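Number of protein chains: 2
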Amino acid sequence: MGLGEPKKRPESDTTEQVSPCAACAVRDMAFCGALNDREMPHLLAILQTATVEPHGSIIDEGEAADYLFNVTQGAVKLYKLLPDGRRQITGFLFEGDFLGIAMNERYAYSAEAVGQISLCRFSRRKLERLLDEFPKLEKRLLGMASNELVQAQDQILLLGRKTAQEKIVSFLLNLSDRQVKRGAPASPILLPMGRADIADYLGLTTETVSRTITNLKRKGYIKLLQGGMVELPDSEALQELAEGS
Amino acid sequence: MGLGEPKKRPESDTTEQVSPCAACAVRDMAFCGALNDREMPHLLAILQTATVEPHGSIIDEGEAADYLFNVTQGAVKLYKLLPDGRRQITGFLFEGDFLGIAMNERYAYSAEAVGQISLCRFSRRKLERLLDEFPKLEKRLLGMASNELVQAQDQILLLGRKTAQEKIVSFLLNLSDRQVKRGAPASPILLPMGRADIADYLGLTTETVSRTITNLKRKGYIKLLQGGMVELPDSEALQELAEGS
DNA sequence: CGGGATCTTGAGGATGCTCAACGCTAGTGG
DNA sequence: CCACTAGCGTTGAGCATCCTCAAGATCCCG
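Here the protein sequences line up with chains A and B, keeping their order.
Quick note: the first sequence uses my numbering, first residue 7, plus one each step.
Quick note: the second sequence uses my numbering, first residue 7, plus one each step.
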């Protein structure tokens, strides 16, 4: 099911009457930032806000792709399944990230909340009409797609050719970079997802993830703090570990 | 260097004076198909055609992304390198495929001709101006980016969670599907690339690729023909092998 | 404080890699 | 015309990384 039918989902709020955009912390980072204050109402008119509980489903692979989303709070995981249950997480989304560019008529993957999250929902049909009206929105979307493709290439390199340790370190550095882009410090980083999720993202098992992290900890490359925080004392050294140079 | 400086590349033709688009076999499949006969001249005006010899470089990762390309004949491989030389091929392009969506200011990967190829080259700057003039071109580009992202997700699933045999079979079926989209038969398929390229695309070694293909051959799932052609006698059975169901 | 889920650690094993040799094909030049 | 070579593909033996299976440790929430 997913958010395509919000009436069935108790964790989904209905649209707020006051503008959620005015106070939106991620507006500039998100694709909404392409519009100025005068144009924003058009976007606001087709937008709904919602929250999803931990492990709540947002979209399901194969569903008709009728809605697009913008994550405004929390972490989301995207994943695909094989018939026998093997799972590959194709990405994590955080505040400001857009969900739904990768689709044809149907979603190419499922999406699930990691912790509790907030998001904006757009009708795809209505958004497409808006794109005709505001070409710069479409340009922004194209730029975002371009960027996502670059990220996907990096992940393909990681999965195809990196060792377990290189994968873990690359992952940590990637989270750090994205935190910086969101205006947070480069270290410590927050790891809101479990070992199993990390494993399914990096093409490993939870055991290997755990062992590798323990190893990095022992060697002093990382430090585990309270609340799933990880300190990266020497990102230069980590950078080298991430590329095997 | 790459095609950014065509004067230095003996294998690059200069622009033809007669319209190469009029007789273009891939026009409808390519993004050019978004424009009708009346609009086409605008595109033609910013386009150059070229050929590249086998193993010739088209773009290099990290180069300024000043040009976009459309493959009109032959096969192209896209790849990324790690500092120690490990290589990951991120995709193969064939007639009608577009090259260059995945970039920021710089190319995210290198591209090299597999055999001899022909392509169209567009100045990115000029093409972007054209996008403003023809929104439907931009829409087409966004749709193509969306599609490429879907493909990238599939590749991520393949690399992260499939066995060697599943990878090989998925690859063969993917080539078959794309041949069908180009109007060719589903079988036999052409394998213009070598074992090493297949290995670097699937995150394997040439030895494993060779062994796995031999195995599939022995079990009757595929048949190797002359000239790098491969027959797929039972695509249903292969479909199951590809997903481990 | 109890209990389920998650994380860690260990031992053994399998998939795919490394290293090495051999075969095949096509292009080259005697 | 055919030996020769270079590149590519195939096959084999041994091995390493990572997986599987299992048990214990830790954490978190009720």
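Just so you know, even glycine gets a beta-carbon here, dropped at the ideal spot from N, CA and C.
Note that this is a predicted model, so its numbers are computed, not measured.
Verify whether the separation of the beta carbon atoms of A170 of chain A and L210 of chain A is less than 8 Å. yes
Would R167 of chain A count as contacting chain B if we go by Cβ distances under 8 Å? yes
Whose C-alpha, out of B:I107, B:K168 and B:A117, is nearest the C-alpha of F98 of chain B? With distances taken between Cα atoms, F98 of chain B lies closest to B:A117.
Just to make sure I have the definition right: I need the residues of chain B whose C-beta is within less than 9 Å of the C-beta of K83 of chain A. Which are they? By Cβ distance, chain B contributes nothing, its closest Cβ being about 13 Å from K83 of chain A, past 9 Å.
Taking Cβ-Cβ distances shorter than 8 Å, what residues in chain A pair up with G209 of chain B? L165, G166 and R167
Looking at the C-beta of P60 of chain A, does it have a partner C-beta in chain B at a distance below 8 Å? Between P60 of chain A and chain B, the shortest Cβ-Cβ separation is not below 8 Å.
Report all residues from its chain with a CB closer than 8 Å to the CB of V175 of chain A; omit the five preceding and five following residues, and keep chain order. L222, Y227, L244, L247 and A248
Mapping the DSSP letters down to three states, classify N153 of chain A as helix, strand or coil. helix
Buried or exposed: where does P16 of chain B fall if 16 or more other Cβ atoms within 10 Å of its Cβ makes it buried? Residue confidence is low: P16 of chain B scores 38 on pLDDT, short of 50, so the model does not pin down where it sits. Its coordinate-derived value is still stated next. By the neighbour-count definition (other C-beta atoms within 10 Å, threshold 16), P16 of chain B is an exposed residue.
Pick helix, strand or coil for S193 of chain A, following the three-state DSSP scheme. coil
Considering Cα atoms alone, identify which of B:P141, B:I219 and B:D183 is closest to A205 of chain B. When C-alpha distances from A205 of chain B are compared across B:P141, B:I219 and B:D183, the shortest belongs to B:I219.
Contacts of D90 of chain B in chain A (Cβ-Cβ under 7 Å): G250 and S251
So for L125 of chain B, helix, strand or coil by DSSP? It is a strand residue.
List, from N- to C-terminal side, the beta strand (DSSP E) runs of 3 residues or more that fit wholly inside the stretch 196-238 of chain A. Qualifying beta strand (DSSP E) stretches, in chain order: 235-237.
Please confirm if S116 of chain B has its CB atom under 8 Å from at least one CB of chain A. no
Please list the partners that I195 of chain A has in chain B, where partner means a Cβ-to-Cβ separation under 7 Å. Within 7 Å Cβ-Cβ: nothing; I195 of chain A doesn't reach chain B, min ~22 Å.
State yes or no: is the beta carbon of Q159 of chain A nearer than 8 Å to at least one beta carbon in chain B? yes
Quick one, which residues of the stretch 99-112 of chain A are near chain B if we go by CB-CB under 9 Å, in chain order? I107, A108, M109 and N110
Going by other Cβ atoms of all chains shown within 10 Å of its Cβ, with 16 needed for buried, is N42 of chain A buried or exposed? exposed
Can D183 of chain A and I95 of chain A be called in contact, C-beta distance under 8 Å? no
If you measure from the beta carbon of T214 of chain A to each beta carbon in chain B, is any gap under 8 Å? no
Buried/exposed call for L74 of chain A, threshold 16 Cβ in 10 Å: buried
Can you tell me whether A36 of chain A is buried or exposed? The criterion is at least 16 other CB atoms within 10 Å of its CB, across all chains shown. buried
Kindly confirm or deny that the stretch 132-144 of chain B and the stretch 47-63 of chain B touch, where touching means at least three C-beta pairs closer than 8 Å. yes
Are there three or more Cβ pairs, one per stretch, closer than 8 Å when the stretch 134-150 of chain A is compared with the stretch 143-159 of chain B? yes
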